[in-house]
Amino acid sequence: FAFIFGDGTITPKFSIYLSGNNSDLENLQNEIKRTFKLPSKIWKSKNPVSTSHSLDIQGEDNQIFGRLFYAAAVPKGNKIVNSFEVPEWIMKGPKWVKKLFLEVLLGNELESPVLHKNKKGTFCMGGLRFSMSKDKQYLDSHRKFLEQIRLLIKEFDVETSELSNPQFTLKRKDGGLSYSLEFSISRDKINSARSLKSFRLRYADEKQKSVLK
135 FAFIFGDGTI
145 TPKFSIYLSG
155 NNSDLENLQN
165 EIKRTFKLPS
175 KIWKSKNPVS
185 TSHSLDIQGE
195 DNQIFGRLFY
205 AAAVPKGNKI
215 VNSFEVPEWI
225 MKGPKWVKKL
235 FLEVLLGNEL
245 ESPVLHKNKK
255 GTFCMGGLRF
265 SMSKDKQYLD
275 SHRKFLEQIR
285 LLIKEFDVET
295 SELSNPQFTL
305 KRKDGGLSYS
315 LEFSISRDKI
325 NSARSLKSFR
335 LRYADEKQKS
345 VLK
């Protein structure tokens with residue numbers, strides 16, 4: 135569920151696709167098989183500069199799963215040109231639900247953290263930065279979504295910076311303009327330690343290892 139808010143997609147026909155590192159998708163694949171007994175497949179595609187991987191559930195169960203998640207308020211279609219919020223059942227839910235939602239989303243969207251070489255237990259500037267992009271016309275709703283994420287993080291006594299001003303990122307093939315908004319988890323030693331204790335970055339093994347070095 136939480137993965138789709140980050141590096142996943144539900145198509146207009148309710149098919150689910152999840153993208154990421156191969157090893158992270160294998161972990162997710164094993165959990166889907168163990169929990170729901172559903173078969174899935176990981177696909178690899180290459181271009182001149184990179185290799186990407188995606189996971190999709192096989193057969194009609196894919197669309198059934200997609201409809202289930204959509205009913206639970208996962209955004210459908212291209213999230214860049216879509217307005218959505220954190221579902222109310224998460225905002226008002228028990229703390230363990232909020233924790234799991236954040237751990238997956240942070241694993242998807244945090245930039246790879248880098249610990250400061252000369253200040254043990256603190257992160258370098260930009261090392262715990264959460265950034266997501268949105269089409270220009272949806273920036274107001276995007277700001278509300280990110281403020282909800284900051285509010286959830288604060289419930290675990292972890293401090294974040296204020297949201298940045300929108301930063302232009304690219305002109306898309308459809309002619310639309312994308313802008314990013316971001317915030318950072320404060321980098322002082324106590325706050326850094328509290329964030330590491332509160333959240334494990336799920337389905338993001340390399341990022342998780344980098345904060346434990």
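Going by this note's numbering, the first residue of the sequence shown is number 135, and it counts up by one from there. Quick reminder that beta carbons are idealized off the backbone N, C-alpha and C, glycines included.
Bridge partner(s) assigned by DSSP for residue i
i	result
S153	S188
D291	D291 pairs with nothing; no bridge assigned.
L244	F264
W177	S188
S318	R263
Q301	S314
T143	Y151
Beta-carbon contacts of residue i that lie in its chain and below 8 Å, excluding the five residues immediately before and after
i	result
F203	F135, I138, I144 and I150
Cutoff 6 Å; reference residue i; Cβ partners in own chain excluding five residues on either side
i	result
L239	A136, F139 and G140
Best match in the options for proximity to residue i [C-alpha to C-alpha]
i	options	result
N216	V231, R284, H276 and D339	H276
L236	P182, L335, L189 and P300	L335
P228	L286, S188, Q301 and D269	L286
D130	I166, K233 and D195	It is not possible to answer for residue 130, since the shown part of the chain is limited to 135 through 347.
S174	Q282, I324 and H187	H187
I214	R168, E296, L273 and K147	L273
F148	L297, E165 and E194	E194
N212	K270, L172, G142 and V183	G142
P146	G241, K268, S267 and R201	R201
T294	I283, L304 and R306	I283
Straight-line Cα distance separating residue j from residue i
i	j	result
E289	N155	30 Å
F257	V345	Confidence in F257 is poor, its pLDDT being 47 and thus under 50, which makes the residue's placement too unreliable to answer from.
T185	F264	23 Å
L311	E165	37 Å
V231	K331	16 Å
Integer Cβ distance of residue i from residue j, believed to fall under 8 Å
i	j	result
Q163	I176	6 Å
E316	F279	Actually they do not touch by this definition, with Cβ atoms about 13 Å apart.
Same chain, Cβ closer than 7 Å to residue i, five either side skipped, listed in chain order
i	result
S157	D339
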